[in-house]
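Going letter by letter, the sequence shown gives residues -23 to -1, 1 to 532 in mature numbering (1 follows the signal peptide of the UniProt record, and there is no 0). Note that the Cβ used here is the ideal one computed from N, Cα and C, for glycine as well. A quick note: this is a predicted structure, and the numbers were derived from the prediction, not measured.
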Amino acid sequence: MKTSLMLLIWPVMAIFTPTYTFCQNNEKVFDSLLHAQFPASGPGGTVLIARDKEIIYNKAFGQSNIELNIPMTVDNVFRIGSITKQFTAVAILKLAEEGKLNLLDEVTKFIPDYPSPGKNITIANLLSHTSGIKNYTGISKFTKELKRTDLTPKALVELFKDETPDFSPGTAYRYSNSNYVLLGYIIELITGDSYGSYIDKTFFRPLGMKNSYYDSSSRIIPQRTSGYRYINGEYENAEFLSMTLPYAAGSLLSTTGDMLIWYNALMSGKVIRLSDLSPAHHSYQLINGKLTGYGYGWEIGNVQGETTIKHTGVVNGYVTYVSYLPAEKIFIAIFSNVESIGDLDIPGSKIAGYLLGKPFNFRRLNVSEDDLKVYQAVYHNEYDGDKIIACENGRLSFFTKGGQKQLLIPYKKDGFYLDQTLTTIQFNRDQKGKIEGYEMTGTGLTTKWNKINQNIKAKNRLNVSAKVLATYAGRYLFKPAMVFEIVVENDRIYGKVGADKKELIPYEKNKFYALDIDATIIFNLNADAKIVSLTKIQNNEMFATRIEETGSLKN
C-alpha cells in the first residue's frame, strides 16, 4: 500500500514542482527589475502581471502617502492619465456599434459651430490623432492660472477650437489631447449624460470595476494615493491641476486590479464585438501610406517581435503604464505615484520579454575606433527625416541635427543598442560590404533608414590643461538678454544657461563640442589673442560677446 501510494504521489509532485519553481523564478526576476525602478523609500507604486487571465505577480512598493507614512497596497487608486483614452475610444466604438455615430462622421455633424477645417475632420481622425488639431496643453492660453480653474467640456473646446491646425486631416500623426476632449464632448452630446457618468454606467459598474472613478478633488475616494514630484533632491506634493481639464483625455482613476478586469472583459468580446474593437488595436494608416504606430486609444508596438497594445499615462503626480500582448494573453500594469519614475515601457517590456522566453540581454562588444568610423553618416527615412551618426572620442553618438545625443553601444556584428533603451540598430551592407543603411527596432514600429551622406568627420578629445580651460571661463551675452556662462569644474569645462549645464569637449584649438547635445562652441580671439566672444552652432549660428571674465577653477 505504501509503495502504491508513493507511486500516486510522485507523478503529482512531478507535475507541480516545476510550476512552483517557475513561479519562484518569476518573482525573483520581477522583483529584481522593479526594485531597480522603485526607490526603497518615498513614493512607490503597484505592479500586476497576468497571463491568460491568471495573476502571476501582484505587489506594492513604497508609500501611498509619505507625509502620513502610509505604505502602498495593491488596492490603491491612481490617476491613470492618458490610459483614460482607451475608455473614451471604446465608448465611441460602442456608440458606433449601436448606430448612434459613424467613424467617418465629421466633427461638425455633432458640433455645427466648430470652425473649418472641422467639416473635414472625422471621428476616426480624432481617435487616431491625425486631425491636425493643436494640443491644448501646449498653447499659450493654457497658463498656470488656468490649470487651477474648473472648465466645462464646452469651455474646454472653446479654448482651442480657433487655433490654427498643425496639418490637414489624415496627412500626419501628432498626439493631441484636444482630440479626446472633443470625443468626450461628442459622447455627452449623443448620450445626454456627462462623460464621467456614462463611463461609470457603461463600463465600471457592469464590469465590477469597483475602484475606478472619474476624478474629483472634492469626492472621497477610498484608497486614493497621493501624487508627488521630485525636485532639487527632494519629494514634494504634485502641482495642483483641476481634473476637469484632462477630461476624456486623462481624468479617470483606477487600480491595476480593475485594469485587469477591463482587459479580461474587453478581450473576451464582453464590452464590444471583437471585430469592432480590432481597428483600435491596429496602427492607423495615413493618406501617404505611413503607419502611425497608434490605433484608437492604444499605441501599437512590439516586444521581441510580438505585437503589444499599450499606453502610458502621465498626469500631475502620477505615471501609469498598461501593456497587453494579444497572442500570449500577457497583461502588465505598472502604476506609480511620482512623476520622476522614468519610462515604464522599459521595465514593462523587459517583463514581457522574459515571459516570452526572449529576454533583452545586450552585452557590450569591444569595437575599435577605426571600425566604428565606418558607420558615420547621415541617414534618411522618408517619413521621419534625417539622423546623424558620428564618432566622437571613440564612441558613436546618434542624434538629429541640433538635438540630444544618445550613445550607440555595439553588442554584435553591425548591431548596436541605444544606451538606456531597448532600441536596437542593425546596419545593412551592400554586396561590396559597405554600409548602406540600417533598421531601427524598439518597442514600437520598425523603421528603415538609408545612408545619404558620409561627410562626417570624427572628433577626438584634445588634451587641454585646466589652466588653459580656465582662460575660456566667463559670462557671454547672446542678444538681447540671454547670458551664457562658461565654467570649469574638476578639470572639465561646461556651458551653462541658468541651472542647465552641459559638458563641453575640446577637439581643436578653441573649438569644443557638447557631450550630450549636437552643438559646437567656437571661441573667438582678437588681434591680441584674447578671447572676446564665442559662436554657438546648433542648427544655426549664434554670436555672444564676452561680458565678464572669471578665469576661476572649481574643485
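7 Å Cβ shell around Leu439 - same chain, five flanking residues per side excluded
Pro483, Tyr484, Glu485
Could you give the distance in angstroms between the alpha-carbon of Thr202 and the alpha-carbon of Ile60?
17 Å
Residue of Gly421, Gln381, Asp361 minimising C-alpha distance to Thr400
Gly421
Restricting to runs no shorter than 4 residues, where is the alpha helix (DSSP H) found entirely within the region 96 to 150?
100 to 105, 130 to 137
Please name the residue in Glu276, Leu321, Val296 whose C-alpha comes closest to that of Ile57.
Val296
Own chain residues within Cβ distance below 8 Å of Lys178, not counting five before or after:
Asp170
Taking the alpha carbon of Ile100 as the reference point, which residue from Gly115, Pro130, Val67, Glu122 has its own alpha carbon closest?
Val67
Taking C-beta to C-beta, are Thr107 and Gly95 nearer than 9 Å?
no
Could you please give the first and the last residue of the uninterrupted alpha helix (DSSP H) stretch that includes Thr233?
233 to 243
Where Thr297 falls: helix, strand or coil (DSSP)
strand
According to DSSP, which residues form a beta bridge with Tyr261?
According to DSSP, Tyr261 bridges with nothing at all.
Determine the contact status of Gly21 and Asn214, defining contact as a CB-CB distance below 9 Å.
no
Could you please give me the residues that DSSP links to Asn214 through a beta bridge?
Tyr205
Determine the contact status of Gly246 and Ala257, defining contact as a CB-CB distance below 9 Å.
no
Going by other Cβ atoms of all chains shown within 10 Å of its Cβ, with 16 needed for buried, is Lys62 buried or exposed?
buried
Are the region 150 to 160 and the region 258 to 274 touching by the rule of at least three beta carbon pairs closer than 8 Å?
yes
Rounded to whole angstroms, what is the Cα-Cα separation between Lys335 and Lys306?
16 Å
For the candidate residues Pro92, Gly330, Gln383, Lys138, whose alpha-carbon lies nearest to that of Tyr113?
Lys138
Hey, is Tyr490 close to the ligand HEM, as in C-beta under 8 Å from one of its heavy atoms?
This structure lacks the ligand HEM, and indeed carries no ligand of any kind.
Residue of Gly414, Gln397, Thr289 minimising C-alpha distance to Ile309:
Thr289
When you compare only the Cα positions, how much space is there between Asn430 and Thr527?
41 Å
Skipping 5 residues on each side, what residues in its chain have a beta carbon closer than 6 Å to that of Lys488?
Ile499
From the DSSP output, read off the bridge partner residues of Arg452.
Glu462, Glu525
Leu332 versus Phe312, Ile176, Ile26, residue with shortest Cα-Cα distance:
Ile26
Do you know whose CA, among Phe217, Ala73, Tyr205, lies nearest Ser194's CA?
Phe217
Touch test, the region 440 to 460 against the region 387 to 405, Cβ-Cβ under 8 Å, three pairs minimum:
no
Give the secondary structure of Leu162 by DSSP, where H, G and I count as helix, E and B as strand, and everything else as coil.
According to the sequence displayed, residue 162 carries Tyr and not Leu. Residue state, collapsed to three classes: helix.
Three-state secondary structure (DSSP) of Lys62
helix
Helix, strand or coil for Leu(-17) per DSSP?
In this prediction, Leu(-17) has a pLDDT of 33, which is less than 50 and means its spatial position is unreliable; nothing more can be read from the coordinates.
Classify Gln353: buried if its beta carbon has 16 or more other beta carbons within 10 angstroms, exposed otherwise.
buried
Shortest alpha-carbon distance to Ile433 belongs to which of Glu369, Thr522, Arg340, Lys36?
Glu369
Buried versus exposed, by CB contacts within 10 Å (16 or more), Ser18
exposed
Paired residues, beta bridge with Phe393 - DSSP
Pro387, Ile402
Among the residues of its own chain, which have a CB less than 6 Å from the CB of Ser41, if the five just before and after it don't count?
Ile47, Met49, Asn53, Thr202
Could you give the distance in angstroms between the alpha-carbon of Gln14 and the alpha-carbon of Pro324?
8 Å
Using the Cα positions of Leu254 and Asp477, report the straight-line distance between them to the nearest angstrom.
45 Å
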